[in-house]
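Q:
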Amino acid sequence: MKPLFDRYAIVDWSASNTPTTGKDSIWIAFAERDGAETRLIETVNPPTRSAAMAKLRQFFRDALAEDKRVFAGFDFPFGYPAGATAAIAGAPDWRALWGFFADQLKDRDDNFSNRFEVAGRLNREALATAPM
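Per our numbering, the very first residue in the sequence shown carries number 4; after that it's consecutive.
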């Protein structure tokens, strides 16, 4: 039986707001199928989310050019509870939520991000309207 995926990218994301490597930083493992075995290609420890995204984009582009199927795993949530999109973005459409975050979040190449500020504001707004 042919495996479902040819290549793998597993990403341990970081909450750091400054460029950093080592402990509490971004780590990525790249692997590929080699017959019945899965072989580690490399592990990388990019100092910023921007550098990590560049490395991932290249990995995905290379796989696409070679017609390879990729499994990508990230250690962050991909979904929100029912009703969150309308509560956060004012509309139930997922595009509204993407637009909201695109407008609100700033994530620079030097790893600075205002995500904690945005999250804090959303938490305060949610608490202000929560039933007590």
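Yeah, the Cβ is synthetic: ideal placement off N, Cα and C, and Gly gets one too.
Excluding the 5 residues preceding and the 5 following TRP30 in the sequence, name in chain order all residues of the same chain whose CB lies nearer than 7 Å to its CB.
A: Result list for TRP30: ASP15, THR46 and ASN48, in chain order.
Q: State the beta-bridge partners of GLU40 as determined by DSSP.
A: In the DSSP output, where bridge partners are listed per residue, GLU40 has ASP37.
Q: Looking at ALA99 and ALA90, is the spacing between their C-beta atoms short of 8 Å?
A: Taking 8 Å as the Cβ cut-off, ALA90 and ALA99 do not qualify as a contacting pair.
Q: Can you name, in chain order, every residue of its own chain whose Cβ lies under 8 Å from the Cβ of PRO22, other than the five neighbours on each side?
A: PRO50, THR51, ASP113 and ASN114, listed in sequence order.
Q: Suppose the cutoff is 6 Å on Cβ atoms and the five residues either side in sequence are ignored; what does the same chain contact list for ASP110 look like?
A: Hits under 6 Å: SER116.
Q: CB PHE8 to CB ARG72, shorter than 8 Å?
A: The answer is yes: Cβ separation under 8 Å.
Q: Applying the 10 Å Cβ sphere with the 16-neighbour rule, what's the burial state of LEU43?
A: Under this definition LEU43 is an exposed residue.
Q: Give me whichever residues DSSP pairs with TYR11 in a beta bridge.
A: DSSP output for TYR11 lists ALA34 and PHE74 as bridge partner(s).
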